[in-house]
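Worksheet: the structure to be examined is printed underneath.
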Amino acid sequence: MTTDARSARLSLIFSSIGHTYSHLFQPLYYVAVLTLEDELGLTHGEAIQLAVLGGMLFGFGAPLAGWLGDRFGAVPLMTVYYIGTGLAMILTGFAGAPWQIMAAIALTGLCASIYHPVGIAWLIRNAKSRGTALGINGIFGALGPTIAALTAGTIITLMGWRAVFIIPGALILVTGLAFLILVVRGVIVESKVDRTPTPPSEKGDAIRVFAVLALSMLCTGVIYQATQAGLPKAFQMRLEDFLAGGVLGISTLVACVFFIAGLMQFAGGWLADKTSPKLVYIGAFAVQIPLLVLLANAAGPMVILIAVMAISSNNGALPAENVILAKYIPPHRRALAFGCKFIVAIGFSALGVQLEAVLFDYSGEFYLLFTVLAGIALVGVIAGLLLPSDRKSAVAPQPAE
56 MTTDARSARL SLIFSSIGHT YSHLFQPLYY VAVLTLEDEL GLTHGEAIQL AVLGGMLFGF
116 GAPLAGWLGD RFGAVPLMTV YYIGTGLAMI LTGFAGAPWQ IMAAIALTGL CASIYHPVGI
176 AWLIRNAKSR GTALGINGIF GALGPTIAAL TAGTIITLMG WRAVFIIPGA LILVTGLAFL
236 ILVVRGVIVE SKVDRTPTPP SEKGDAIRVF AVLALSMLCT GVIYQATQAG LPKAFQMRLE
296 DFLAGGVLGI STLVACVFFI AGLMQFAGGW LADKTSPKLV YIGAFAVQIP LLVLLANAAG
356 PMVILIAVMA ISSNNGALPA ENVILAKYIP PHRRALAFGC KFIVAIGFSA LGVQLEAVLF
416 DYSGEFYLLF TVLAGIALVG VIAGLLLPSD RKSAVAPQPA E
């Protein structure tokens, strides 16, 4: 195996692992907050809002990270991502007062903001089948909330909430040091060209696509973040008669929901390679509308089944979304473009956490939240219909030599 081929394979591995790590800190906190509410003397909404700044920096830091990735390369930025995120999560575990927790989570979000623009652009550059690679990568991203929900409940039960940040932070830091060693030894190298060349697109189409995706990505992100923040509390309330395990039982259920839903990203990526990414994208939004309405009214074990289907549909849109964006963005501007994407998809979408907090404190339940999210999914369908047609043109036959 050549150095470039080996490096390309390692890029898929480390990009996927990095995607898991990038989605740990927020869901870890959303489970830990069930304990912190009483310890800090805060309402659920007040405790949740301590993570809003970190969530916003997770997105708002992405354009700068993308610009730096285009300028200095993905490999150096990924090194900073691993080491910085690991250290910031460890710092969160040592925080005490609410403002200290908020500041530490904000630093974690800023360091973690490097991953999406740099790591995904790095993956796309080294991938042959982009949709499939993005689907695999997406599964690992979905594993973040799964692992976080499961480990948070276990660690809180055994060691308390501080260890829930210190232990994963140390793991991320060790991974970063291993990555740095491979870079120094020349095993992982910076790739300069796409393994699968992208035909140039019209400038007008690129602007149109990004403008439309900005709206649809906001819809996807708000739905995901609001659901992620609210699901542990929703399970606690609507499954009260079925759960005897307290925080551990809730976190285990949340872990299972996100794990099953994460598998949908592989299906979404495979479909984006084999069919129309635009159709896959619109379909994922359309399916969410009735599911979120059902989730608003569900009670008992049906809450679990409907939550799995709704979050699966949300996750399934992501590989198609990235394939569409990569198709219209020049390779030398791809990290910056993904950075701009994630300022919307993660930064502004962190308002979904605020939405969950405000609507829950206002209504005391989740009916209003999930109904509003169904309306947001409808906006996503309308936005998707405005995307350019992605039907492939026939290749003209070449004259025989």
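Just so we're aligned, residue 56 is where the sequence shown starts under our numbering, counting upward by one. For every residue, glycine included, the Cβ atom is placed at its ideal position computed from N, Cα and C.
#1: Specify, as a first and last residue, the run of the alpha helix (DSSP H) that SER367 falls within.
#2: Taking 8 Å as the threshold (C-beta atoms), are PHE234 and MET133 in contact?
#3: Which word fits GLY241, buried or exposed, when buried means at least 16 other C-beta atoms lie within 10 angstroms of its C-beta?
#4: What is the DSSP secondary structure of THR98, reduced to helix, strand or coil?
#5: I want to know whether the segment 159-174 touches the segment 122-139 - three or more CB-CB distances under 8 Å.
#6: Mind checking ASN352: buried by the 16 CB within 10 Å criterion, or exposed?
#7: Where LEU391 and TYR336 are concerned, what is the direct C-alpha to C-alpha distance, given to the nearest angstrom?
#8: Can you name the start and end residues of the alpha helix (DSSP H) that ILE191 belongs to?
#9: If I'm right that ASP416 touches THR90 with Cβ under 8 Å, what's the distance once you round it to whole angstroms?
#10: Is the Cβ-Cβ distance between ILE210 and ILE222 less than 8 Å?
#11: Does PRO443 come out as helix, strand or coil in the three-state DSSP assignment?
#12: Only counting the same chain, and skipping five residues up and downstream in sequence, which positions put a Cβ closer than 8 Å to that of ALA375?
#13: Output the distance between the C-alpha atoms of GLY190 and SER368, rounded to the nearest integer angstrom.
#14: For the segment 272-291 and the segment 432-447, state whether three or more C-beta atom pairs, one from each stretch, are separated by less than 8 Å.
#15: How many Å lie between ALA225 and GLY141 at the Cα?
#16: Buried or exposed for VAL342, please, with buried defined as at least 16 other CB atoms from any protein chain shown within 10 angstroms of its CB.
#17: Please report the residue range of the alpha helix (DSSP H) in which GLU411 lies.
#18: Which residue comes first and which comes last in the alpha helix (DSSP H) that contains ARG126?
#19: Which residue spans inside the segment 130-160 form an unbroken beta strand (DSSP E) run of at least 3?
#20: Comparing alpha-carbon positions, which option in LYS382, ALA63 and LEU67 lies nearest ALA442?
#21: Which of the three DSSP states is assigned to GLU295 in this structure?
#22: Distance, Cα to Cα, LEU67 vs VAL358?
#23: Helix, strand or coil for SER66? Go by DSSP, reduced to three states.
#24: With a threshold of 6 Å on Cβ separation, who are the neighbours of MET309 within its own chain once the five nearest residues in sequence on each side are excluded?
#25: Straight-line CA distance for ASP125 to SER70?
#26: Would you check if there are 3 or more beta carbon pairs closer than 8 Å linking the segment 417-431 to the segment 193-208?
#27: Can you look up SER246 in the DSSP assignment and give me helix, strand or coil?
#28: Could you give the distance in angstroms between the alpha-carbon of GLN453 and the alpha-carbon of PHE397?
#29: Tell me the rounded alpha-carbon separation between VAL86 and ALA365.
#30: Where SER404 and ILE103 are concerned, what is the direct C-alpha to C-alpha distance, given to the nearest angstrom?
The answer reads as follows:
#1: 357-383
#2: Yes. Within cutoff.
#3: exposed
#4: coil
#5: yes
#6: exposed
#7: 22 Å
#8: 185-214
#9: With 8 Å as the limit, ASP416 and THR90 do not qualify as a contact, their Cβ atoms being about 19 Å apart.
#10: Taking 8 Å as the cut-off, the beta carbon of ILE210 is found closer than this to the beta carbon of ILE222.
#11: For PRO443, the three-state secondary structure derived from DSSP is coil.
#12: Excluding five sequence positions before and after ALA375, the CB atoms of its chain that fall closer than 8 Å to its own CB belong to GLY186, GLY323, GLY324, LEU326, ALA327, PRO332, LYS333, VAL335, TYR336 and ALA339, given in chain order.
#13: When only Cα atoms are considered, GLY190 and SER368 end up about 13 Å apart.
#14: yes
#15: Computed Cα separation, rounded: 6 Å.
#16: buried
#17: 406-418
#18: 117-127
#19: none
#20: The sequence shown places Leu at residue 442, not Ala. When each option's Cα is compared against that of LEU442, the closest is LYS382.
#21: coil
#22: 35 Å
#23: helix
#24: Rather than Met, the amino acid found at residue 309 in this sequence is Val. Closer than 6 Å at the Cβ level, and outside the excluded window around VAL309, lie ALA204, LEU286 and PRO287.
#25: Cα to Cα, the separation comes out at about 16 Å.
#26: no
#27: coil
#28: Per-residue confidence for GLN453 stands at a pLDDT of 38, beneath the threshold of 50, marking its modelled position as unreliable; the derived number appears in the next sentence. Cα-Cα distance, rounded: 41 Å.
#29: 20 Å
#30: 15 Å
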